[in-house]
Amino acid sequence: MNTYAIGLGNNDILTRKRASQDFVAFWEEQANNLHWFEKWSKPLEWNPPFARWFVNGKINASYNALDVTAQKNSSKTAILWEGENGERRSFTYQELLNYVCKVANVLKSLGVQSGDRVTVYLPMIPELIVSLLACARIGAIHTVIFSGFSSQSIRDRVIDSKSKVIITADGGFRRGEVVKLKGVVDEAISDLDFVEHVLVYQHARNPITMGKKDLRWSDLVTTAQDVCEPEKLDSAHPLYILYTSGTTGKPKGVLHGTGGYLVHLYSTFKWIFDIKESDVYFCTADIGWVTGHSYVVYAPLMHGATQVMYEGAIIFPTPARIWDLVERYKISILYTTPTALRMFMKYGDLLPNSKDLSSLRLLGTVGEPINPEVWEWYFRVIGKERCPIVDTWWQTETGGTLVSPVPGLETIPLKPGSATRGLPGINVAVVDEQGNELPPDTKGYLVVRDPWPGMLLSLWEDDEKYKSVYWSKYKTMYYPGDYAIQDKDGYFWMLGRADDVLKVAGHRLGTSEIESGFVSYKSVAEAAVCGIPHEVKGESIIVFLVLREGITSSKELERELIEHIRKVVGPIATPDHLYFVSKLPKTRSGKIMRRLLKSVANNEKIGDISTLEDEAAVDEVRTAFNELSQTIQQNKTK
Ligand code: WTA
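Going by the working numbering, the first residue of the sequence shown is number 2, and it counts up by one from there.
This is the structure we're talking about:
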């Protein structure tokens, strides 16, 4: 295997040493890099499994993200925004601060108070960053919904968080089309009385109907005061709720605090991206997902970085769009996903080779395991063998990265496909079912053994679920739900989810969430969803459906079902293949054996089926899959 020792000349051995001696004191040291209105009285209060960092410290996220740089260097560019249609806007730190203050004042005038929830459903436009920071400025808890989710998903999340205000837009752009957002919100909240106002930003010149709760962003924001004192919030004050998929039906509201979360982001951004004053950073993640929250909104802004923000499809109008952006804005740090890289790779080397990518100095990846050959391509064709690649492993729940190379601190050999080692102050390991640490090169479960600052506070209004999801498999260790191997050099190889969570094009989706979506359709009796490998998206969705008595399958019904799932969950939950069967493989206690479906789907040997209720169901699924593989093959050769 190839290894690459591409360094940036940094070799700070002290940081790791201090971190391993006393992780609490180490994180306390890091906290001094932020601006606090009042210092904490205690660095960590650990009542397992609840961690409270920097107890009694007073802080504000928007102050750290904006004022700190605006005071030092007000004309520093914060955002270089480009729309899919070529529109461009840019904001200095001072301009962004003024804009955020205006929106914060508007929210206050609408009655939003510290602790209130505000749902944000916006395209990737500067107003999305502005809305989040405006909430943070006044202590409101933002809850962003990715614009690929549809009305039912919005409704569930708005009900769960009891949001008082919703911020949305008339629409956004994707592949030259307008994605209508306001209409989706109208449908989601029409009968939700607790939603008091919907603030609508006009972006896509898409005609909308204004209802009695609706307010136009421009009417209120233009005339608002551009100064707003930041609230001095407790370190544990909730900054946001971000809904994410798990193994149970409904998405979970991951709740993040302020002080610990910001310290984690500030430190990891510095170590991983080795951020410098002159850098131009570009993260392709949508703010609808955690990567956007942490490494588009909070981390780069806290460092006073200049970043490119892009709305729309990164391959539109041509697959060279991304490389045009790198060339035009002289991007020095590029952070993207394996799915995007696999897609770029498919378009060949000619496109990137025809652009000037010499500004790049560091490359990153996140969200799914990266295939070694894709890593090598990124390294060779994009980074011209000069840029280190940081493969960053983390989750919505962890708040920030836990495992990654840290070129800002040290130069170690990189191995294509490995996220390398745990970050300083982070105690990760690979263990067996019982929680015993495994010898090198053995597949097991990844765990985190000590609390870390970016760790979720809990699940929104559901401490019990928080305990059962993350702290019941192992009582004293955090269980992320991933398989991993640690090799002889101590490097981690992340092997994907050990549970029923899918990663489709980097988007996190729960099988049960999609199954409930299908079962809510009148003709469907039962549904089973699983993921099968996909050469670009990593995984694609396959669904098996048992229809109700008297209903027969047809192409028409298939179309209706696809339309239904797009409506109730969202276009991102569209299955690649849908298969009708007369029964599903179940255990004697009635649980669908997804493990089995997955094995059949992947053409693997089926393991122990002694608990299976009806073996005929396995045969049926297997036959279904054989037919399916033939169809796929036929489609490929067409
Ligand atoms: C997966 C995304 C391999 C993992 C930041 C995790 C990864 C899930 C990597 C969380 C990586 C994330 N290598 N797998 N570098 N990064 N994952 O909450 O399975 O959307 O549990 O957060 O993505 O997904 P989430």
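We treat Cβ as the ideally placed atom computed from N, Cα and C, and that holds for glycine.
Meets three-Cβ-pair contact criterion under 8 angstroms: the region 208-220 and the region 432-452: no
Of the residues Trp41, Trp47 and Lys43, the one placed nearest Met456, counting alpha carbons only: It is Trp47 whose Cα lies nearest to the Cα of Met456.
Short Cβ contact (9 angstroms threshold) for Glu197 with Ala170: no
Residues that DSSP places opposite Ala529 in a beta bridge: Phe545
Heavy atom of ligand 1 within 8 angstroms of Arg595 beta-carbon: no
For Gln585, the three-state DSSP class (helix, strand or coil): The question names Gln, yet the displayed sequence has Leu at residue 585. Taken through DSSP and simplified to helix, strand or coil, Leu585 comes out as coil.
Closest by C-alpha distance to Val264, when choosing among Ser236, Glu188 and Val582: Ser236
Burial state of Val228, where buried means 16 or more other Cβ atoms lie within 10 Å: Exposed.
Bridge partner(s) assigned by DSSP for Ile593: For Ile593, which the question treats as bridged, DSSP gives the partners Lys587.
Expected contact under 8 angstroms - CB spacing of Val429 and Gly423 to nearest Å: 4 angstroms between Cβ atoms; contact.
Asp13 beta carbon near ligand 1 (any heavy atom closer than 8 angstroms): Flag unset: Cβ of Asp13 not near ligand 1.
For Phe317, three-class secondary structure by DSSP: Looking at Phe317 - three-state DSSP - the assignment turns out to be coil, as it is neither helix nor strand.
Inter-residue Cα distance where the pair is Gly84 and Tyr202: 15 angstroms
Option nearest Val113 by Cα separation, candidates Leu98, Asp620, Leu97 and Ala141: Ala141
Beta strand (DSSP E) segment containing Gln396, residue limits: For Gln396, there is no enclosing beta strand (DSSP E), as DSSP marks it with neither H nor E.
Touch test, the region 275-294 against the region 132-152, Cβ-Cβ under 8 angstroms, three pairs minimum: yes
Nearest residue (CA-CA) to Gly507, options Glu557, Thr223 and Thr337: Thr337
Segments assigned beta strand (DSSP E), at least 3 residues, entirely inside the region 61-123: Correct list: 78-84, 89-93 and 118-122.
Other residues of its chain near Lys639: CB distance less than 8 angstroms, five sequence neighbours each side excluded: Below a pLDDT of 50, predicted positions are generally treated as unreliable, and Lys639, at 45, falls in that range; the measurement from the model is reported next regardless. Cβ within range, chain order: n/a, list empty.
Three-state class that DSSP yields for Ser21 in the structure shown: helix
Ser246 beta carbon less than 9 angstroms from that of Glu640: No statement about residue 640 is possible, as the shown extent of the chain runs from 2 to 639 and does not include it.
Contacts around Arg19, its chain only, beta-carbon distance under 6 angstroms, and the 5 residues preceding and following it disregarded: Phe27
Cutoff 8 angstroms; reference Phe641; Cβ partners in own chain excluding five residues on either side: Because the chain spans 2 through 639 in this model, residue 641 falls outside it and cannot be assessed.
Span of the alpha helix (DSSP H), counted from its first residue to its last, around Cys136: Pro127 to Ile139
As assigned by DSSP and simplified to three states, the class of Leu352: helix
Classification of Arg643 by the beta-carbon crowding that lies within 10 angstroms, buried from 16 upward: Outside the shown range of the chain (2 to 639) lies residue 643, about which nothing can therefore be said.
Close Cβ partners of Phe493 (< 8 angstroms) along its chain, the five nearest in sequence each way excluded: Excluding positions up to five away in sequence, the list reads Trp394, Val404, Ser419, Ala420, Thr421, Arg422, Gly423, Val429, Val431, Leu447, Ala485, Ile486 and Gln487.
Trp272: first and last residue of the uninterrupted alpha helix (DSSP H) it sits in: Counted as a single uninterrupted DSSP element, the alpha helix (DSSP H) harbouring Trp272 occupies residues Gly260 to Phe274.
First and last residue of the uninterrupted beta strand (DSSP E) at Gly365: Leu363 to Val367
Beta-carbon proximity check, Pro239 vs Leu256, cutoff 9 angstroms: Closer than 9 angstroms, so yes.
For Gln308: DSSP bridge partner residues: Bridge pairing for Gln308: Ile80 and Tyr282 [DSSP].
Helix, strand or coil at Ala617 according to DSSP, with G and I counted as helix: helix
Helix, strand or coil at Ser148 according to DSSP, with G and I counted as helix: coil
Option in Gly426, Pro44 and Pro231 with minimal Cα separation from Asp68: Of the candidates Gly426, Pro44 and Pro231, the one whose C-alpha sits nearest the C-alpha of Asp68 is Pro231.
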